[in-house]
Amino acid sequence: MIGNSVTYGAAFDGDRIDSYYVRLADWFRKRFPDADIEVHTGIIFAMGPETQLFRMEDKLLAFNPDLVVTEFGAANGAWGAKGRSVTDPATEGYVRRLRLLRPDADLLMNLGLVKPMMDDYRAGVTPGTVDFIRRLAGNYGFVITDSGEAIAKRVIAGEPWELFMKDSIHPVQAGYAVHGKVIEVELDRQWALYQSLPADGRKVSAHPFPHSTVDPSPWLWPRQAPAWFAEKLDGFKLAESGQVKFIEGAPGATGMFSPGKGRIVGILHHAGASSKGRPAELEVRLDGAGEWVRLPLNEPIFTEEDRYNFFMRQFFGAYGLPPEGCRSLEFRVTDSPARIAGRIAGFFVIERDAEVDFERK
Numbered sequence: 074m075i076g077n078s079v080t081y082g083a084a085f086d087g088d089r090i091d092s093y094y095v096r097l098a099d100w101f102r103k104r105f106p107d108a109d110i111e112v113h114t115g116i117i118f119a120m121g122p123e124t125q126l127f128r129m130e131d132k133l134l135a136f137n138p139d140l141v142v143t144e145f146g147a148a149n150g151a152w153g154a155k156g157r158s159v160t161d162p163a164t165e166g167y168v169r170r171l172r173l174l175r176p177d178a179d180l181l182m183n184l185g186l187v188k189p190m191m192d193d194y195r196a197g198v199t200p201g202t203v204d205f206i207r208r209l210a211g212n213y214g215f216v217i218t219d220s221g222e223a224i225a226k227r228v229i230a231g232e233p234w235e236l237f238m239k240d241s242i243h244p245v246q247a248g249y250a251v252h253g254k255v256i257e258v259e260l261d262r263q264w265a266l267y268q269s270l271p272a273d274g275r276k277v278s279a280h281p282f283p284h285s286t287v288d289p290s291p292w293l294w295p296r297q298a299p300a301w302f303a304e305k306l307d308g309f310k311l312a313e314s315g316q317v318k319f320i321e322g323a324p325g326a327t328g329m330f331s332p333g334k335g336r337i338v339g340i341l342h343h344a345g346a347s348s349k350g351r352p353a354e355l356e357v358r359l360d361g362a363g364e365w366v367r368l369p370l371n372e373p374i375f376t377e378e379d380r381y382n383f384f385m386r387q388f389f390g391a392y393g394l395p396p397e398g399c400r401s402l403e404f405r406v407t408d409s410p411a412r413i414a415g416r417i418a419g420f421f422v423i424e425r426d427a428e429v430d431f432e433r434k
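Its first residue numbered 74, the sequence shown is counted upward by one per residue in my numbering.
Spelled out as structure tokens, the structure:
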């Protein structure tokens, strides 16, 4: 199970509700009582595919999964139209990497709901992020369950939003019941399709790897480079919190990072040991040209199991900067009345733009 707080069960600092993946696991255990069913969760809170992509190795590929279940629908929708310059290439990169590196693994993508998507549903329009994911499913042959649309239809029919959702994005128990039911219906359908196949058609086989893409340049070769790889640092020092290392600088500190290979598309901040922590704002300049641009800290802070290390990710495409990023990045900590330090944990790098041609044997 790959996803975020919606996937985990909504609550992060409060009570947890059993998410739909509990119901999904029960379906498999009841259907195959003699099988050894293992469920691994790769949850990163307050994130979408753009962060999960850079953690595929340890959150997903390390387990060599037979089935991958993701929830990127609500997270993609929460970014809005401008954020699609980030979420579209990241989502396709995630799917494409899975098909390339684990071709035998099946993929089910469950689409959640975020409140701004209701404007499209009420207008009878498919939200742009949903349409994009549907086109991905057609290109790569994976299964979609759209529990977000199921909830939207019930709200449009007159049932209150609050019956299913506790805020703009997180379901309550009734909302998760809709998620679970929608997924179960699709699992039953897929199982019936499998049983209808002739015996010689039930072999486990590799999914095809399409050479065409939906996004013009999906992020296929991601790398999260440690911040101390920056070659020029003035006023920054290496600091650490637990097992996490980062560079820290007071207002006025400057630096420059060039990955050597690839392009930089974003920054990973270390936000401190509290969910209320905020690093100082940064100004960046891409490829040593143009004006400095301030990156406002309007992104959610997230953590994983380590409650003493909080992070914030900022991808340039969401701020009107070139979504393709840059080959070298200058950065500096801006002044602030509180003299807050800027803390950078890493840089998001796309190593290669072109894929390597290959033929599957």
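Note that beta-carbon positions come from the ideal geometry of N, C-alpha and C, so glycine has one too.
If the five residues before and after Leu236 are omitted, its C-beta is found closer than 7 Å to the C-beta atoms of Ala247, all from its own chain and listed in chain order.
For Val168, the enclosing alpha helix (DSSP H) starts and ends at 157–174. For Leu306, the closest C-alpha among the options Tyr194, Phe319, Ser314, Glu123 is that of Phe319. The region 153–165 makes contact with the region 383–394: 3 or more CB pairs, one atom from each, lie closer than 8 Å. Around the C-beta of Ile110, fewer than 16 other C-beta atoms lie within 10 Å, and the residue is accordingly described as exposed. DSSP, reduced to helix, strand and coil, places Glu321 within a strand of the structure shown. Following the DSSP letters along the chain, one finds Thr286 in no alpha helix (DSSP H), marked with neither H nor E. Leu184 is a Cβ neighbour of Gly221, given a cutoff of 8 Å.
Within the same chain, Cβ atoms closer than 7 Å to the Cβ of Gly76 are found at Ile116, Thr143, Glu144, the five residues on either side in sequence being excluded. In the DSSP assignment, Asn183 forms a beta bridge with Thr218. The region 414–424 makes contact with the region 324–340; the number of CB pairs closer than 8 Å reaches 3 or more. In the structure shown, Arg351 falls within a coil segment according to DSSP collapsed to helix, strand and coil. Secondary structure of Gly274 (DSSP, three-state): helix.
In the structure shown, the three-state DSSP call for Pro295 is strand. Between Gly322 and the set Phe309, Ser331, Met329, Leu402, the nearest pair of CA atoms involves Phe309.
Counted as a single uninterrupted DSSP element, the beta strand (DSSP E) harbouring Lys310 occupies residues 305–314.
Between the region 279–293 and the region 252–260 there are fewer than three C-beta pairs closer than 8 Å, too few to call the two in contact.
The C-beta distance from Asn149 to Thr202 rounds to 4 Å, short enough to fall under 8 Å.
In this structure Ser314 is in contact with Asn382, their Cβ atoms being roughly 5 Å apart against a cut-off of 8 Å.
Following the DSSP letters along the chain, one finds Phe388 inside the beta strand (DSSP E) bounded by residues 383–388.
In the three-state reduction of the DSSP assignment, Glu377 falls in the coil class, being assigned neither a helical nor a strand state. Taking C-alpha positions only, Asp192 is separated from Tyr167 by approximately 28 Å. Residues Val141, Ala178, Leu180 of the same chain have their beta carbon placed closer than 7 Å to that of Leu171, with the five preceding and five following residues left out of the count. Leu266 and Thr124 have their C-alpha atoms roughly 34 Å apart.
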